[in-house]
Amino acid sequence: ADKVVLQLKWVTQAQFAGYYVAKDKGFYEAEGLDVEIKPGGPDIAPPQVIAGGGADVVVDWMPSALATREKGVPLVNIAQPFKSSGMMLTCLKESGVASPADFKGKTLGVWFFGNEYPFLSWMSQLGLKTDGGPDGVTVLKQGFNVDPLIQKQAACISTMTYNEYWQVIDAGIKPEDLVTFKYEDQGVATLEDGLYVLEDKLKDPAFKEKMVKFVRASMKGWKYAETNPDEAAGIVLENDSTGAQTEMHQKRMMGEIAKLTAGSNGALDEADYKRTVASLMKGGSDPVITKEPVGAFTHEITDAALK
Amino acid sequence: MTITPASVVSARDLGLTFETNDGPVNALTGVNLDVNKGDFVSFIGPSGCGKTTFLRVIADLEKPTSGAITVNGTTPEDARKNRSYGYVFQAAALYPWRTIEKNIALPLEIMGYSAADQKARIDRTLDLVNLTGFGKKFPWQLSGGMQQRASIARALAFDADLLLMDEPFGALDEIVRDHLNEQLLKLWDRTNKTICFVTHSIPEAVYLSTKIVVMSPRPGRVTDIIESTLPKERPLDIRESPEFLEIASRVREGLRAGHSYDE
Amino acid sequence: MTITPASVVSARDLGLTFETNDGPVNALTGVNLDVNKGDFVSFIGPSGCGKTTFLRVIADLEKPTSGAITVNGTTPEDARKNRSYGYVFQAAALYPWRTIEKNIALPLEIMGYSAADQKARIDRTLDLVNLTGFGKKFPWQLSGGMQQRASIARALAFDADLLLMDEPFGALDEIVRDHLNEQLLKLWDRTNKTICFVTHSIPEAVYLSTKIVVMSPRPGRVTDIIESTLPKERPLDIRESPEFLEIASRVREGLRAGHSYDE
Amino acid sequence: MRRLTSLQTFLVLITGLQFFTFYPLLATPYLSGPRWGAFLMLPLIIYCLAFSLRRKRKKPIPALEWAALAYLIAFVPITLSSLNGFGSEAPPTNYWTTVIACIATAWLLNELLSSSNYRNAWVARLAFYAAPLIFGLSVLYLWEVLTRGLHIPFVLLPPPSMIWTRLIHSLPTLWADFQQTFLKAVITGYALGCGLGFLVAIAIDRSPFLQKGLLPLGNFVSALPVIGVAPIMVMWFGFDWQSKVAVVVIMTFFPMLVNTVSGLAATSSMEKDLMRTYAATWFQTLVKLRLPAAWPFIFNALKINSTLALIGAIVAEFFGTPIVGMGFRISTEVGRMNVDMVWAEIAVAAVAGSAFYGIVALIERAVTFWHPSVRNARTV
Amino acid sequence: MEKSNFFKDRVMPVGVILLALLVIWYVAVIFLNVPFERDTAARAGTAITFSEILPKTMFQQRPVLPAPHQVIAEIWNTTVLMPITSKRSLVYHAWITLSATLLGFGIGTVLGILLAVGIVHNRAMDRSLMPWVIASQTIPILAIAPMIIVVLNAVGISGLLPKALISTYLSFFPIVVGMVKGLRSPEQIQLDLMHTYYASPSQTFWKLRWPSSMPYLFTSLKVAIAISLVGAIVGELPTGAVSGLGARLLAGSYYGQTVQIWSALFMAAALAATLVIIVGFAHTAVLKRMGTRA
Ligand SMILES: Nc1ncnc2c1ncn2[C@@H]1O[C@H](COP(=O)(O)OP(=O)(O)OP(=O)(O)O)[C@@H](O)[C@H]1O
Ligand SMILES: Nc1ncnc2c1ncn2[C@@H]1O[C@H](COP(=O)(O)OP(=O)(O)OP(=O)(O)O)[C@@H](O)[C@H]1O
Ligand SMILES: [Mg+2]
Ligand SMILES: [Mg+2]
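This is the structure in structure tokens:
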């Protein structure tokens, strides 16, 4: 079987259910592939791993992938299983935030490590500075959890619809006490969780062939997961070698993820791509990318895979 | 000067056994001894017979395993806590991070002498042991004999009524030794101190002491106690007097008797 | 025995100055000396006059700052590399983590003696210095004199033609000292070693030596070299002979002349 | 007096051999830079080879230092500047032999500088400081040549030249980060952590009860991993530098505790006996005997902690910070693939940490001047 | 000496201190966890009395500081009640971390000693290497750990070794610093003795420098083994946080499972304490063999 190494963006969880399902259900095997799934973590930059030859294909967010491309590591999007963005800002009602206009002077928790781009472009659209001055917002680099909100160290924090938001709920705060701003609704959504490979490797037809098979099987996995969320969550749990995930949380996550993947058959929607690029180039004084990327995605793989 | 001699050190049936990796070592057995106030007692005996150990017991650095001992009428521990003695170790034991001056100042600092007093005492004792000018040097910059003299100076710098001296003049040449012997006698005479003095030199023991304790090894015992009949005033040339020579030969006899390898 | 005495140590105008935190110290100046094969040379002089320093120069532990010196006709460094001498330090310098036996075995191990040979030599030298039975003890379990004897044993355990001994018998009582003096003389006589010997005892120096070097301090100089006229065969009671006493008094004169505080 | 050691002879020989194999390369088109330098070297090389072969020569050969230096001046620029010429191809073999020879020569120079005793005090001082500098420059040189010659993707490891450019263009950011992390978190945390470790060690020493009870528990604190502790500290002490201080305190506490306890046990029994004869109080014995004897150990801890504190503070910033600080910058710029910025930040950390260590080491020399490790190192 | 003293000398002091810490801990639990209960109550619009809050602070889902019994229960559940091979068993994760720690510590010790020997014996190394060894330690390991892992992965090394190397990186330094000092600690006269025997450098090393450096070595080893555990845990993050105590901590922290963090922390600390104590025993044994005065 052909060996494929997939580097995830984060730890094993339902966010990547499609790949685990495809592996577990033998979809990859059926295509003649032997896929190794490497979980990520807070210190793992998938672009770095792929540049260092540690993976054939990586899961990454488009802002980070495009930024990396501009830095000289030519990543190419070959498939986009996630149609919509799950990112949002979750605020405590008692902190007095009701609309984006109330952000001024507040402390906001943000993820960095390449995940801050959508936030930064949103803020620059709102005309808010992020350097902590009086007519801007104070930005905190948020850890991996929702403590800043619970400890009231920040007025709002970044959450994903499928993960952190529910942790806030689990911590005993009721949905009525929260105000959420989905990036999707604010018109600043960027594409998340796409599959990326190195451009020069795509020149090799054998590799291309392998990727076609891989995408085909992965999408099969995703669709299976959408329709059988509980089973998918179980498969994810089995693959979690830290033994730290709980069943309840993973099932719920799977449900939310299904909403995000629902609109996609795996092919990248060019309109979404354009919107993402536009949003990234607008980033005020320090735009994420400075020029329109060329060749940052290809439909060749998905076209062949979905034939 | 007191008229009735009070007992400064009094040992009854004293014994001390060290436990070592290959069996116990009897360092002292059945030692009976009285040292009176104002005595100058010399301990003499073959190497390893327990002289140092006995001094250490008096100084409360070693606990006897049998028998009883009092120092100044109290336990050695109380005597130590009253700072009633000064001790000169067989090795110099100077602290390498202090200059010679500072080493001498050490007990003075601990006992809370004033700065001016410290200075005066340092100068005086440095002069006494002929080390003037070496006060600012570090121990490793001195010769062996000079280090030993520095450690004598350290013990003489403060006023203890009892001096315990373990071969203080071992590494010194005859001339310096004679000089220091005289100085020590003068000091003793002037201050009415009690001195316990370990030496290997028979003439030195006889010249200095009012009482000579001869010890023998394995197990360490007191074999003879010789009271000196020499007058308190002792010029250096007393060492040629017949009285002196007679005492010396008695000590030599006692010493030889305790030795294992006589020809 | 060789007939023409070859020069084992030969110093010409030797000088050594230590740089210290408060200025230079002249430890040796203008030292001229020849030690011939088979000589027994004693160095005597007041404390701090440079005896140890001179021995250290011979042993290549200190580099002279002026003048020249040869040992066995070569530089001290080459002599050291040929392992042509044994050195007894003024302090015992035993390694605390080795038992007495192991301490004596140290040079033997380094010079590659066989295990059986090591054992034999350890037993022999332990016996020589009267420490049989103490081989398994650690240094701190021995008295000061016993430690010093152990360090002598260590230097005697291997066969060096030149022995450098820095006050080896300083901490020993007269009887042991006499015994070891005799043993040393016997050894010297039997093996035709050359011995450089630092001592503070005038009788010891006269009794042992064929040549006595008298030194004086600040700066360290050789003030007198006295050739002994005593015969090679020396019973202990030679020390009462008029010849002996005459040499002794000559040494005493020389010594006193170098001293700073004569009455 | 100086003779070449066998190592030095070896180095001279490979340098010389390389020199002749390098000539063919001079003709190739992609070599750029001052080539004539290589030819100027010829007489010097021959001179040195001649001398290195005459082993028994006893007089010093000061020219050898100059020769090594001249060799480096001639060849290092050539190898560096021709890196551009290779494009995406791999450099030829004799390019690499030249690089190896340059490194060998730098090491040779170091050997020479540190093994000879220069009469002139100035020259001696220069040699003293030159050695680490040359070593460092050779590391940087090798790094540059390897990353660019082997075309290592720069997101994995950028060449030093690139890091340097980034460094000088981001000074204000770097300074702000340095203030936040080093001046606030590291210094405070270091002082508190070392102080606490020291005080607990003293307390343990004072009371046998604590010694038996607290020391085993002290071991327990020894390996509270930063990763576990940092989020908790952020939770307790907030996002700003205070929580980093707490992490640094925890990291530095144990080395100090262990070393101080060992140091306090390092006095010999006779030294202690002396204090007993004076009936010195526990405190007097501590100040006048046991602390001085413990300094060498305590300084070990201070030195180890000077680097640990920095690592601790930086790592702690990975777990939540305001958007300034060296750790913050490193973690975010890795995500942004600005690896050159990451290394610029690391360079600042390395310089700051080394300077910190150096200051501690200088104080150590002054305080423990009497210790054989300092005394002997100076006289030998 | 006697058996009865074991209780008095060991168990009791530790017990008393432990008890004191527990009390402090419980008090801290109350103080740190009260605000959250107040807030919850305030949001629900109900007033709540202190006596009602108290028991609640002891059993929160996501406490700021979990109560000791919560941690103990979690440890009990994940060690004793769980088969060792299970991925949810703390023992399993501890073993993974321990193996990386021990390997890293071993390599680190050897490397540290070798460097110290080089530095003590070679002047060029002393002058040029030492500053850079120090500089190497100021590089935040977490920053370059991913690169190390990626690079090692690229050349085909993965699994235990990359983690162990990170722990090596942290642990060799205390050993270098301690051993340089220790190997230089023999007194001049002891060195002179070796000099007079014209002992070879290796003889001087084994018969003098090495034994005299023992107190320094063991002190350094204690610090190093503790740090190498920290290193192994740090090294577990960029390997994808798959397993080991580090992954456990991370996952706990990611999902805000304070109790899980604390139990992993305790496991790590217990592991460290055990390792340090083992080194301590070795130290005592060696000192005894070297005849050091009690
Ligand atoms: N700490 C110890 N442990 C075990 N044995 C010891 C210890 N100290 C001394 N000894 C033994 O006790 C005996 C007496 O020793 P001590 O030091 O009192 O002799 P000394 O009379 O002072 O001899 P010297 O004149 O050589 O100094 C010796 O046999 C010695 O080996
Ligand atoms: N390492 C050193 N640094 C500075 N000065 C020193 C050093 N070693 C010795 N000296 C000085 O050199 C002089 C001679 O010392 P040396 O040890 O040779 O004397 P000595 O004749 O052996 O005396 P003693 O009989 O007391 O042992 C002394 O004044 C001493 O202070
Ligand atoms: Mg004694
Ligand atoms: Mg001397």
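Residue numbers (the numbering used here), protein chains in the order written: chain Y, 8 to 314; chain V, 6 to 268; chain F, 6 to 268; chain H, 897 to 1276; chain D, 441 to 734.
Glycine included, every Cβ here is placed at the ideal spot set by N, Cα and C.
Of the listed residues the options, nearest to residue i (C-alpha basis)
i	options	result
G150/V	E179/V, A165/V, D164/V	E179/V
L633/D	K42/F, T80/F, V46/F, I109/F	I109/F
P81/V	V62/V, R126/V, A98/V	V62/V
M170/V	C201/V, L185/V, A176/V, W145/V	C201/V
V1053/H	A966/H, S1269/H, V1235/H	Looking at the sequence shown, residue 1053/H is not Val but Leu. Ranking A966/H, S1269/H, V1235/H by Cα distance to L1053/H puts V1235/H first.
I252/F	S221/F, P240/F, L213/F, P222/F	L213/F
R624/D	A556/D, T518/D, G731/D	A556/D
G47/Y	A725/D, T724/D, M707/D, Y694/D	Y694/D
A712/D	E514/D, D479/D, A672/D	A672/D
Buried versus exposed call for residue i [16 or more other C-beta atoms within 10 Å across all chains shown]
i	result
Y656/D	buried
K952/H	Reliability fails at K952/H, whose pLDDT of 49 lies under 50, so the model's placement of it is uncertain and the value that follows must be treated cautiously. Answer is exposed; the Cβ neighbour count stays below 16.
P212/Y	exposed
K603/D	buried
S246/F	exposed
G194/Y	exposed
Q146/F	buried
W1071/H	exposed
W516/D	exposed
Residues near residue i in its chain [Cβ-Cβ closer than 8 Å; skip 5 each side]
i	result
T58/F	L21, A32, L33, E67, G225
E209/V	S47, F174, R182, N186
V1051/H	M1233, V1235
Alpha carbon of residue i to alpha carbon of residue j, nearest angstrom
i	j	result
A160/V	Y1025/H	46 Å
L1008/H	E961/H	7 Å
G50/F	F1179/H	43 Å
E627/D	A97/F	13 Å
E1213/H	F119/Y	12 Å
Y967/H	C998/H	8 Å
F1094/H	F163/V	33 Å
A1126/H	G117/F	57 Å
Cβ-based neighbour list, residue i, same chain, cut-off 6 Å, excluding 5 preceding and 5 following
i	result
L472/D	V504, L505
E268/F	The pLDDT assigned to E268/F is 35, lower than 50, so where the model puts this residue is not dependable; a value taken from the coordinates is nonetheless given after this. Closer than 6 Å at Cβ, skipping near neighbours: no residue.
S71/F	G20
D18/F	G35, G72
G1221/H	D1073, Q1076, T1077, E1213
I105/F	F139, G140, K142, A155
E24/V	none
Other residues of its chain near residue i: CB distance less than 7 Å, five sequence neighbours each side excluded
i	result
D67/Y	K16, P53, P54, G201, Y203
Exercise for the section: Taking 6 Å as the limit, tell me which residues put their C-beta closer than that to any heavy atom of ligand 4, in chain order. Expected result: S148/V, G149/V, K56/F, T57/F, Q95/F, D171/F
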